[in-house]
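Undergrad: Just so we're aligned, residue 91 is where the sequence shown starts under this note's numbering, counting upward by one.
Yeah, the Cβ is synthetic: ideal placement off N, Cα and C, and Gly gets one too.
One structure, pasted below without further comment.
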Amino acid sequence: MDDQNLGIDLVYLWVDGSDPKWQKKKQAFTTTRNDNSETNAAGRYVNSNELKYSLRSVEKHAPWIRNIFIVTDDQKPEWLNTDHPKINLIDHTQIIPLEVLPLFNSIAIEYFLYKIPGLSEHFLFSNDDMFFNGDLTPDFFFAKDGNPIICLKKRKFGKWKNLLRPIVKEDGHYRKTVIRSMSLIEKKCGKYYSGLPHHNIDSYRKSDYQKAIEEVFNEEVKKSQIHRTRTDGDFYRSAISYYSLAIGHGHIKYVNRKVSLRIQINTLQFKEKLELHTPSLFCLNDNENATNEHRQEIQPFLEGLFPVKSAFEK
């Protein structure tokens, strides 16, 4: 299959957690405020304008992207040029069943990406804090057969050594979701993948994504989609990538920091880590240990890295 004819789309989730209207709705439905807990960390909702710079990185390094879909909850970045032919704003109500709205759980929102009107069979998913850091071509994400290249970190837990023991609080929310994804694939497909998701831009085939959600993991999805905020036990989309591999519709690519780099913003080592590893992709990851002082460093750093205004801005 010709890479240039795949018609690859890019999907983002975006939220402005400082919006009073959104804050009021979230508190009304969850009775919780943004805090420093792992499952409800303020960083999951804070808007530091990362999306603006992520889109600048797309224009600079991946101009072959066909359409860009930005999934939001009745919001719109004030700087976004919605008249640009590639930009499509998708409201939650367009893809998520009304009976489970409103949702503030990004893990659950991701279940419905395949329902985006007009979404290509081949698409990329990115959080707004993920960036292209070098010129990439479609074959970085999809092989010649049209199947996604699944980027994993070669960090092994060991075959069930730690997975069969009871999951404990100290494991952390992310580790728990990944462990459950691994065990689900073992149970349903008889395959075991110990590589960890690289926590960066991922590639998918829409048809496999849909089958995974609607058929293979439907029971797990139904249980998780009613969780308005992140909850231990949520079904995580890493299982979809493992599923693609299990059915022969994906190709493993083990990556290191030279390819995919995750920078925790509380380290304040953005420039140093980028210069050390020069990755193809990087993520500025907010977390429960980050403070507003850490977040204030994000926009100046990104402005220095991507200073040229994109056509996606007014």
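#1: Taking contact to mean 3 or more Cβ pairs, one atom from each stretch, closer than 8 Å, check whether the segment 174-194 and the segment 293-309 are in contact.
#2: In terms of alpha-carbon separation, which member of Asp99, Val105, Arg146, Gly107 lies closest to Lys404?
#3: Rounded to the nearest angstrom, what separates Leu193 and Thr319 at their Cα positions?
#4: Would you mind working out which of Glu365, Ser350, Asp181, Gln354 sits nearest Leu286, comparing C-alpha positions?
#5: Can you give me the C-alpha to C-alpha distance between Ile155 and Phe119, rounded to a whole angstrom?
#6: Using only CA atoms, which one of Lys142, Gln184, Lys281 lies nearest to Trp169?
#7: Have a look at Gln184, Tyr282, Ile291 and flag the residue whose alpha-carbon is nearest the alpha-carbon of Pro207.
#8: Find the nearest neighbour of Asp225 within the set Asp235, Lys244, Lys150, judged by alpha-carbon distance.
#9: Looking only at C-alpha atoms, which of Arg347, Gly97, Pro110, Lys234 sits nearest to His341?
#10: Between Ala380 and Gln354, what straight-line distance do the alpha-carbon atoms span, to the nearest angstrom?
#11: The alpha helix (DSSP H) with Phe391 in it runs from where to where?
#12: Report buried or exposed for Ala401, applying the criterion of at least 16 other Cβ atoms within 10 angstroms of its Cβ.
#13: Could you check what DSSP says for Thr162 in three-state terms: helix, strand or coil?
#14: Go to Phe307, then tell me how far its beta strand (DSSP E) extends in each direction, as first and last residue.
#15: From Met220, Gly338, Leu242, pick the residue whose C-alpha is nearest to that of Val148; which is it?
#16: To the nearest angstrom, report how far apart Ala336 and Leu274 are at their CA atoms.
#17: In angstroms with no decimal places, state the Cα-to-Cα distance between Lys348 and Phe222.
#18: Rounded to whole angstroms, what is the Cα-Cα separation between Ser138 and Gln389?
#19: Taking its Cβ as the centre, do 16 or more other Cβ atoms sit within 10 Å of Gln386, making it buried, or is it exposed?
#20: Could you tell me if the beta carbon of Ser297 falls within a distance shorter than 7 Å of some heavy atom in the ligand PLP?
#21: List the endpoints of the continuous beta strand (DSSP E) containing His212.
#22: Out of Ser284, Asp322, Ser293, point me to the one whose CA is closest to Lys244's CA.
#23: With burial defined as no fewer than 16 other Cβ atoms inside 10 Å of the residue's Cβ, what is the status of Glu362: buried or exposed?
#24: For Leu392, I'd like the list of residues in its chain whose CB is within less than 6 Å of its CB, leaving aside the five on either flank, ordered along the chain.
#25: Is the distance from the Cβ of Ser216 to the Cβ of Leu100 below 8 Å?
#26: Since Gln415 is in the beta strand (DSSP E), which residue starts that stretch and which ends it?
#27: Look at the alpha carbon of Thr267 and the alpha carbon of Lys111, and state the distance between them as a whole number of angstroms.
TA: Based on what the coordinates show:
#1: no
#2: Arg146
#3: 7 Å
#4: Ser350
#5: 36 Å
#6: Lys142
#7: Gln184
#8: Lys150
#9: Lys234
#10: 8 Å
#11: 388-395
#12: exposed
#13: strand
#14: Looking at the DSSP string, Phe307 is not in any beta strand (DSSP E), and its letter there is neither H nor E.
#15: Met220
#16: 11 Å
#17: 13 Å
#18: 6 Å
#19: exposed
#20: Ligands displayed in this structure: none; no statement on the ligand PLP is therefore possible.
#21: 212-217
#22: Ser284
#23: exposed
#24: Tyr143
#25: yes
#26: Because the chain in this structure spans residues 91 to 404, residue 415 falls outside the shown range and cannot be described.
#27: 30 Å
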